[in-house]
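Below you'll find the structure, written out as structure tokens, and then a few comments.
2 protein chains.
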Amino acid sequence: MTNGTTALTALGERTRLAIFERLADGPLAVGEIAAGLPVSRPAVSQHLKVLKQAGLVRDEAAGTRRLYSVDPAGLAALEAYFERFWTNALTSFKDAAEQHPQEQT
Amino acid sequence: MTNGTTALTALGERTRLAIFERLADGPLAVGEIAAGLPVSRPAVSQHLKVLKQAGLVRDEAAGTRRLYSVDPAGLAALEAYFERFWTNALTSFKDAAEQHPQEQT
DNA sequence: TCGTTCCGTTCGTCATCGCTTACCGTAAGT
DNA sequence: ACTTACGGTAAGCGATGACGAACGGAACGA
Chain A
115 MTNGTTALTA LGERTRLAIF ERLADGPLAV GEIAAGLPVS RPAVSQHLKV
165 LKQAGLVRDE AAGTRRLYSV DPAGLAALEA YFERFWTNAL TSFKDAAEQH
215 PQEQT
Chain B
115 MTNGTTALTA LGERTRLAIF ERLADGPLAV GEIAAGLPVS RPAVSQHLKV
165 LKQAGLVRDE AAGTRRLYSV DPAGLAALEA YFERFWTNAL TSFKDAAEQH
215 PQEQT
């Protein structure tokens, strides 16, 4: 979907974030991911499904296994979303700072 | 806390993200935020508590009201977290691309 | 063809969390 | 001092979702 908010709700889960972080180091199969986490393999599979329909990961058949890897488009969408965010927020800060010139960190 | 994962779990909620987006345009009081959202004021207060202990917002007493604004440190922490993420992921992609030179989008 | 391995899916259970209602404390105005 | 406005907190409820167990299917190797 390459939507920023959807990606955030998908990553707003500890297990899913852990999976995504492991995938950031390179493609992995489902069993390999589950082996390094304190959850069962079906749980990992479900989380991968969520991450996939959020546009954050891609899957590829490799024999009996199935390799998952992070989707560059999803990362780009997130980056774009946050960039708009930062510019907005920082602009607001600048405007507020010009009206209250003393307080700042 | 300025922790990336905590901030993500905090922002991984539609209502909290909506609150944070509204705060990105400038400081607001609790009642003002609740007025623009389909939730009650206590709900907004609870969400603000979560956002605050995640290091994403700051609060300031203003008479009987209480002004909330986004915390620049929290945004910076998020930015740093994602930056590490992107570099990691892109490096992995590059390495994978050198081994499989044909497939790419 | 048979057995093994790996994965996706369904189902049921249990915890987590977001939301509302009601109540209380605090700061200004009169 | 009384009243009003604003916001935080407690309790309870309802719903979402994460998890494991069990089952079924597809891809290799013998």
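In the order they appear, the protein sequences are chains A and B. The first sequence: position 83 = 197 (the working numbering), numbered continuously. The second sequence: position 25 = 139 (the working numbering), numbered continuously. For glycine and all other residues, C-beta sits at the position ideal for the given N, C-alpha and C. As the structure is a prediction and not an experimental result, all values here were calculated from the model.
Any idea what DSSP makes of Glu197 of chain B, helix, strand or coil?
-> It is helical.
Per-residue contacts from Leu151 of chain A into chain B (C-beta, under 7 Å) = Result: empty, since nearest Cβ-Cβ is about 15 Å, beyond 7 Å.
According to the neighbour-count rule (16 or more other Cβ atoms, all chains shown, within 10 Å of its Cβ), is Gly118 of chain B buried or exposed?
-> Here Gly118 of chain B is buried, its C-beta having at least 16 other C-beta atoms within 10 Å.
Hey, Val144 of chain B and Val153 of chain B: beta-carbon distance below 7 Å or not?
-> With respect to Val153 of chain B, Val144 of chain B sits apart: the two C-beta atoms are not nearer than 7 Å.
Have a look at Gln216 of chain A and Gly150 of chain B and give me their C-alpha separation to the nearest angstrom.
-> Its pLDDT being 46, under 50, Gln216 of chain A is placed unreliably by the model, and the measurement read from it follows with that caveat. Their backbone Cα atoms lie some 31 Å apart in a straight line.
Below 8 Å, can you find three or more Cβ-Cβ pairs linking the segment 190 to 202 of chain A to the segment 118 to 133 of chain B?
-> Because the criterion of three Cβ pairs below 8 Å is not met, the segment 190 to 202 of chain A and the segment 118 to 133 of chain B do not touch.
Rank A:Gly140, A:Arg179, A:Gly188 by C-alpha distance to the C-alpha of Gln167 of chain A and give the top, closest one.
-> With distances taken between Cα atoms, Gln167 of chain A lies closest to A:Gly188.
Does the beta-carbon of Asp139 of chain B have 16 or more other beta-carbons within 10 angstroms, so that it is buried, or is it exposed?
-> Classification for Asp139 of chain B: exposed.
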